[in-house]
Amino acid sequence: AKDNNVNTDIVTLTRFILQQQAATAKQATGELTLLLNSLQFAFKFIAHTIRRAELVNLIGLAGASNSTGDDQKKLDVIGDEIFINAMKASGNVKVLVSEEQEDLIIFDGPGNYAVCCDPIDGSSNIDAGVSVGTIFGVYKLLPGSKGSIKDVLRPGTEMVAAGYTMYGASAHLMLTTGNGVNGFTLDTQLGEFILTHANLKIPSSRTIYSINEGNAAYWPPIIKKFIDSLKQTQKETGKPYSARYIGSMVADVHRTLLYGGLFAYPVKGKSGKLRVLYECFPMALLLEQAGGKAVNDEGKRILDLSPKEIHERSGIWLGSKDEVDKFLTFTGKV
Ligand code: P6P
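Reading the sequence shown from the start, the letters are residues 6 to 339 in the UniProt record's numbering.
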């Protein structure tokens with residue numbers, strides 16, 4: 006791409022998508038552009054709400070509760086409502102899976118896409134000021150589908166777009182539509198997501214590991230041995246790995262994408278903690294598009310999993326190619 010850093014020629018998300026659509030050979034119907042515009046509206050609204058909610062939660066501003074005196078809605082409920090309304094209003098989403106909704110939502114009216122989302126991932130950290138985020142993945146409906154669960158119980162390889170918006174000091178949207186990863190930062194004055202990380206690639210290695218060691222008692226011995234091996238002096242660097250764990254997936258994955266390293270949430274007891282459709286798949290697609298890898302505890306490619314129910318969980322190991330390969334080699338998967 007040409008130099009987009011000329012500050013009088015900023016590339017907004019909308020312009021970027023139109024440029025990408027023009028560049029890709031396949032006949033662009035503009036539907037994905039419309040959907041991404043509805044998605045970015047939801048992110049802007051959630052970003053605004055989080056800034057206000059932090060103040061409300063922290064200092065209990067008057068009017069925090071609604072007219073009937075209900076308690077201030079939990080942030081993830083607000084985020085979920087914002088997201089559902091934005092998808093419904095988009096006119097091209099037919100099916101919605103949300104972490105906050107037990108059942109699938111099928112909208113009336115037209116729509117050729119199915120969206121899977123975690124509206125506010127990591128919300129338990131919000132009062133500590135830790136970055137939280139919205140994670141999303143998009144499927145095109147199956148040919149001839151009127152919208153059903155079959156449109157979302159599919160391998161992650163069939164997602165046409167995925168990413169997350171992390172609400173930190175600024176709102177950062179990291180997005181793939183299948184042609185690499187691009188990062189956008191919300192300019193609140195302009196109300197636009199601006200291209201700030203063009204064609205982002207994850208470093209091929211980095212001695213950082215990110216895992217909740219408090220779960221070590223639940224891991225199989227081979228995983229405990231692998232993590233312990235990272236704490237030894239490495240022959241390539243002459244020192245051990247650094248441990249970095251925030252406990253908010255979007256924040257841990259964002260650091261991994263930008264700095265490199267290995268993030269993992271292995272199976273704990275009978276199943277993992279992270280959900281396939283709206284945490285593992287979107288992050289796995291993003292990491293692969295940035296030149297990284299994402300596998301489950303058995304070393305199987307995350308994107309090749311076929312979920313059997315919409316809130317299915319999986320173990321996940323993602324990050325720099327060399328770091329995931331180190332896990333695969335150590336555990337004898339390659
Ligand atoms: P633990 C947050 O609750 C979350 O869903 C992810 O954002 C995060 O990666 C994980 O759970 C943290 O889980 O068990 O380490 O607190």
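Where is the CB? At the ideal position from N, CA and C, for every residue including glycine.
- In terms of Cβ geometry, residue 315 and residue 301 do not form a close pair [threshold 8 Å].
- Taking one beta carbon from each stretch, the segment 13-21 and the segment 90-97 have fewer than 3 pairs nearer than 8 Å; the two do not touch.
- The beta carbon of residue 253 sits closer than 8 Å to the beta carbons of 126, 127, 130, 135, 136, 137, 138 from its chain, once the five residues preceding and following it are set aside; these are given in chain order.
- Inclusion of residue 257 in the 7 Å shell around ligand 1 follows from its C-beta lying nearer than that to a non-hydrogen atom of the ligand.
- In this structure, the straight-line span from the alpha carbon of residue 251 to that of residue 257 is close to 6 Å.
- Residue range 254-264 is occupied by the alpha helix (DSSP H) that includes residue 255.
- Of the heavy atoms belonging to ligand 1, at least one sits nearer than 7 Å to the Cβ of residue 270.
- Taking C-alpha positions only, residue 259 is separated from residue 123 by approximately 16 Å.
- In the three-state DSSP reduction, residue 334 falls in the helix class (H, G or I).
- Its chain contains 207, 208, 209, 210, 211, 213, 324, 325, 328 as the residues whose beta carbon lies nearer than 8 Å to that of residue 265, once the 5 sequence neighbours on both sides are disregarded; these appear in chain order.
- Shown here, residue 133 sits in a helix according to DSSP, grouped into three states.
- Residue 334 and residue 114 have their alpha carbons spaced roughly 50 Å apart.
- Residue environment for residue 272: buried (at least 16 other C-beta atoms within 10 angstroms of its C-beta).
- Scanning its chain for C-beta atoms nearer than 7 Å, with the 5 sequence neighbours on each side dropped, one finds around residue 295 the residues 186, 205, 206, 207, 262, in chain order.
- Between ligand 1 and residue 126, a heavy atom-to-CB distance of less than 7 Å is present.
- Fully contained in the segment 223-310 are the following beta strand (DSSP E) runs of length 3 or more, in chain order: 267-270, 298-300.
- The beta carbon of residue 116 lies closer than 6 Å to those of 97, 98, 99 in the same chain, with the five residues before and after it left out.
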